[in-house]
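As structure tokens, the structure follows; a few thoughts come after it.
In our numbering, the protein residues as written are 226 to 562.
Here's what the structure looks like:
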């Protein structure tokens, strides 16, 4: 309860500000905002219970972590992975993942990088085509904290969160040092313009190959060929793609081998970096409540997504933990059964 009170104190001013800023002319919107506190409290409780379950399991398995850690020893050709809901997530530290991406972008290798949170995993869980896209990506980084917690309990006790904003900033910093140009694809013209100003302030020596918004429709074959040619001719070693999940992941998979650059799907990072949306404070991110912070800023867009993805994910994740041979062996050894 102390944790819930602490979270409530953090988010209540934001919720109040959100309600004040929104026009209350629409009856449904007004009703929704009256219920926002109740829904957020329910989701907070469910997520907190899930985290406590993971912590209890961690206390049971701690003396076996060293033995299990050998299960994720990397091979020479592929990075180590741990499966979360049957999807392989790259099990490397933040720095190791960034250094691998740095090598790829310098060599202009055609690679696809997916940044996985709960929403992405649940999209893939219910869609076999998207599941194949995720399983065939070169990197799938753990973005959401529930994904990170799962990996820590499944054999990577020191797993870092490797999120979209942190990847963008780290790689842009390295790109200006390594003289690698960067292509920004997707979003809207106004967002890209504001983003360019922020990039020029933070990374004054960064070579921006281009900033290209895309229409809200499929590209024709001619348009697609022109875009591929533009990206390749720009010499970019890195392409940040902001088309939203799962559209951006499908786009990257379709263009692997055609675009000679590392393609990274960053979802809603562009508007945050441009200053249009605020990023959650570090403490909220580390507690695993960044989703709640985002929901307060965009309640009407995100409420259905969270209600249809977070509870099912926690159910499936709990089933995975309980069915894990690692969990069973530790539980029975500790209880003496």
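Beta carbons are placed, not taken as given, at the ideal position from N, Cα and C, and that holds for glycine.
CA-to-CA distance, residue 438 to residue 413, given in whole angstroms: 5 Å
For residue 506, collect the residues of the same chain with a Cβ closer than 7 Å to its Cβ; drop the 5 residues on either side in sequence, then sort them by chain order. none
How is residue 468 classed by DSSP in three states: helix, strand or coil? coil
Sub-8 Å separation of residue 522 and residue 333 beta-carbons: no
In angstroms with no decimal places, state the Cα-to-Cα distance between residue 342 and residue 400. 25 Å
Using 8 Å as the limit for Cβ to Cβ distance, is residue 359 near chain C? Of the protein chains in this structure there is only one, and it is not chain C.
Identify whether residue 410 lies in helix, strand or coil by the three-state DSSP scheme. strand
With residue 367 as the anchor, note down where its beta strand (DSSP E) starts and where it stops. 364-367
Can the beta-carbon of residue 460 be found less than 8 Å from the beta-carbon of residue 487? no
Kindly give me the distance between the Cβ atoms of residue 416 and residue 372, rounded to whole angstroms, as I take these residues to be in contact under 8 Å. The Cβ separation is near 26 Å, so there is no contact.
Cβ of residue 512 within 8 Å of Cβ of residue 378? no
Cβ neighbour criterion (16 or more within 10 Å) applied to residue 423: exposed
Within the chosen definition, does the region 396-411 reach the region 465-476 through at least 3 CB pairs nearer than 8 Å? yes
Return the residue from the list 312, 308, 435 and 339 that minimises the CA-CA distance to residue 322. 339
Residue interval of the alpha helix (DSSP H) (run including residue 379): Note, residue 379: premise wrong, no alpha helix (DSSP H); not H, not E.
Give me the Cα-Cα distance between residue 510 and residue 518, rounded to the nearest whole angstrom. 9 Å
Name the residue from 467, 319 and 328 whose alpha carbon lies nearest to the alpha carbon of residue 440. 467
With distances taken from CA atoms, which of 374, 381 and 431 is nearest residue 398? 431
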